[in-house]
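The numbering of the sequence shown is the numbering used here, which starts it at 734 and goes up by one. Note that the Cβ used here is the ideal one computed from N, Cα and C, for glycine as well. Computed from a predicted model, the values in this text were never measured in an experiment.
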Amino acid sequence: AEREFLRGFGSDLVRVDGNDTLAVGRLTLTFLHTPGHTPGSQCFLVDGRLVSGDTLFIGSCGRTDLPGSDPAEMYYSLTQRLAALPDDTVLLPGHNYGGPRSTIGAEKRGNPCMRFTALGEFLRVMGGGLAGR
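And the structure:
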């Protein structure tokens, strides 16, 4: 989905989808498509660690008020895709606003963005997209 923004950066770009993998040395990266902040947002799972970019922060989540963002997609990315990861998965966010370290389990328990149980509730509270501010 971000391909249009990357035109002119080279002809060797390779499309990756959710659950695709890439071997880098002895590590295997798993791509998790987590739209919401942008249509093509990806998180990277490697060796029990989640590089979450601008999808999930410690105590918050990425903004959804930017062009191309979608609060409903963010809800599903947080509550279905990322919440399904093991609780001991270490969180490595793109920005750290909340503390030195966290896990998926800690975020499921304490991050307000991951505690919503219904899309309508999430949209009512977070629909303005200002979660990461």
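Can you look up residue i in the DSSP assignment and give me helix, strand or coil?
i: A851; result: coil
i: P833; result: coil
i: T797; result: coil
i: R842; result: helix
i: S802; result: coil
Output the distance between the C-alpha atoms of residue i and residue j, rounded to the nearest integer angstrom.
i: V784; j: A805; result: 21 Å
i: H770; j: M859; result: 12 Å
i: L778; j: F855; result: 25 Å
i: G792; j: D780; result: 23 Å
i: Y809; j: F849; result: 10 Å
i: A851; j: G751; result: 24 Å
i: T836; j: N829; result: 13 Å
i: G795; j: G827; result: 9 Å
i: Q813; j: K841; result: 11 Å
i: V757; j: G786; result: 19 Å
i: V823; j: M807; result: 20 Å
Considering only the beta carbon of each residue, do residue i and residue j sit closer than 8 Å?
i: L825; j: R782; result: yes
i: M847; j: L811; result: yes
Which residues in the same chain as residue i place their Cβ atom closer than 8 Å to its Cβ, once the five residues preceding and following it in sequence are excluded?
i: T754; result: T761, L762, T763, F764
i: D803; result: P768, G769, P772, T797
i: G843; result: G792
Give every residue of the same chain whose Cβ lies closer than 6 Å to the Cβ of residue i, excluding the five residues on either side of it in the sequence, and list them in chain order.
i: G838; result: D820
i: S774; result: T767, P768, T788
i: P833; result: none
Counting only beta-carbon separations shorter than 8 Å, does residue i have a partner in chain B?
i: L856; result: Among the chains of the structure shown, chain B does not appear; only one protein chain is present.
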